[in-house]
Amino acid sequence: MAENRAGGAPPLWWVSHQAATASWALGAIFAVLASLIIAANVPVAIVLLCHIRRSGSKGLCFVLNLALADAMVGFTVMGLAMDELSRPFHRSQNFCVLRMAFVISSCAASILSLTLVACDRHLAIRKPFHYFQLVTGPRVGVCLVGLWLFAAIVGFLPVFIPRFQRVSNHWKCSFFNIFQPSYMLTVFCLGFFPALLLFLYLYCDMLKIASVHVQHIQEVEQAGLGGGCPPPRATSDMKAMHTVAMLIGCFTLSWLPFFIASIVQMACPACVPYKVIESFLWLLGMGNSLLNPLLYSYWQRDVQFQLAQLAAGVKRRVLLHLGNSRCFPGKDTKAPPAVSCLELQD
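Residue numbering for the sequence shown follows the numbering used here, beginning at 677 and increasing consecutively.
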């Protein structure tokens, strides 16, 4: 005890208590984040599905797939929260590999869905008159099937290539306890970096098209042929550009610190502790699945209106249920006597 008070090593029970407290706190954060992700994406997915059935819009299928992928991210994060909160249970190597493979597959599906949404908006601006001829049901289905196949291949790559796995007796299922750092570099090269380059190319091209449209509008206004407001085409182009710009910005701010720190940690293990990457930077990347429905789906007026209708319907059912429960049907209640129209006239 004297050595501990004088600045020696803390006792083992104190270290174990601190580790358990940190694990419980991280599990609580995971649970809250997962609940928010699911609560934000599931209503959006329901509304988008109803809207697609009514309007037949094929482009919204990409947004629906984005909401489903983000909801899947929430469910996988909830599984990680249960692992953090149930610390005494020891997980096997195969269980941890499969658990983290599902996490990476859902995150890859979310990132790829963002790229499809950006490509769809870019195609609507680049070729507006041929958009409905190009974006057909079979092509959308092929894109979505290919997206999920590629996401599954990226996530389950350590299952197919065992040298990406790291044998660890540690109880915690995490990236650096289960996977080799070379696998994170592979995910960066196959997923994040190509998606970021594609985002930048699409945005630059959309900015170029929008500048041409603005120039045409100015020429028309100088000739005295334009009205007082911009044409609907220019307004929709600017809205699409603003949406894609916000998607690119939030995607970059959410995932770039995680991948940069992972690559630095692979080159210099002592520079960036892996606990910082897994406890903070990875949570920042997971937050992108919470921002996606807020950035894109909630900005659409049709989606906002149908979400309001859905909330009103749920509120109406709750109030109706509460009203029926207050009537106490078990009591001997009598129905009010019926009055005919002739009796009212008398």
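Note that beta-carbon positions come from the ideal geometry of N, C-alpha and C, so glycine has one too. Note that the structure is predicted; figures quoted are calculated from it, not measured.
Query                                                                                                                                                                : Result
Would you list, in sequence order, the uninterrupted alpha helix (DSSP H) runs of no fewer than 4 residues that lie entirely inside the region 701-749?              : none
For a quick check, are the C-beta atoms of ASP746 and SER930 less than 8 Å apart?                                                                                    : no
Please check the pair THR928 and LEU872, which I expect to be a contact at CB under 8 Å, by giving their CB distance rounded to whole angstroms.                     : 7 Å
In angstroms with no decimal places, state the Cα-to-Cα distance between LEU959 and LYS734.                                                                          : 32 Å
When DSSP builds the beta bridges, which residues end up paired with GLN841?                                                                                         : PHE855
Which value, in whole angstroms, describes the spacing of the CA atoms of SER955 and LEU876?                                                                         : 29 Å
Is the distance from the Cβ of CYS772 to the Cβ of ILE854 below 8 Å?                                                                                                 : yes
Closest by CA to ILE787, which one among TYR807, VAL739, VAL940, GLU760?                                                                                             : VAL739
Along the alpha helix (DSSP H) that carries GLY822, what are the first and last residues, could you check?                                                           : 813-831
Whole angstroms is fine: what's the gap from PHE808's alpha carbon to LEU823's?                                                                                      : 21 Å
Buried or exposed: ALA721, going by 16 or more other Cβ atoms within 10 Å of its Cβ?                                                                                 : buried
Does the Cβ of GLY961 have 16 or more other Cβ atoms within 10 Å, making it buried, or fewer, making it exposed?                                                     : buried
What do you get for GLY817, buried or exposed, if any count of 16 or more other CB atoms within 10 angstroms of its CB means buried?                                 : exposed
Could you spell out where the alpha helix (DSSP H) holding VAL773 opens and where it closes?                                                                         : 769-802
Less than 8 Å between the CB atoms is what I'm expecting for PRO834 and ALA777, so what's the real figure, rounded?                                                  : 7 Å
Give me the Cα-Cα distance between PRO838 and ARG802, rounded to the nearest whole angstrom.                                                                         : 44 Å
Using only CA atoms, which one of GLN769, PRO969, LEU995 lies nearest to LEU712?                                                                                     : PRO969
Mapping the DSSP letters down to three states, classify VAL948 as helix, strand or coil.                                                                             : coil
Between PHE751 and ILE714, is the Cβ-Cβ spacing less than 8 Å?                                                                                                       : yes
Spatial neighbours of ILE939 within its chain, please: CB distance less than 7 Å, with the 5 preceding and 5 following residues excluded, ordered by chain position. : LEU861, PHE864
First and last residue of the alpha helix (DSSP H) that includes SER965?                                                                                             : 964-971
What did DSSP end up calling CYS849 once you bin it into helix, strand or coil?                                                                                      : coil
For CYS795, which residues in the same chain have their Cβ closer than 7 Å to its Cβ, ignoring the five residues on either side in sequence?                         : LEU878
What is the DSSP secondary structure of ILE885, reduced to helix, strand or coil?                                                                                    : helix
Put PHE927 into one of helix, strand or coil per three-state DSSP.                                                                                                   : helix
Please report the straight-line C-alpha distance between ARG993 and LEU724, rounded to a whole angstrom.                                                             : 22 Å
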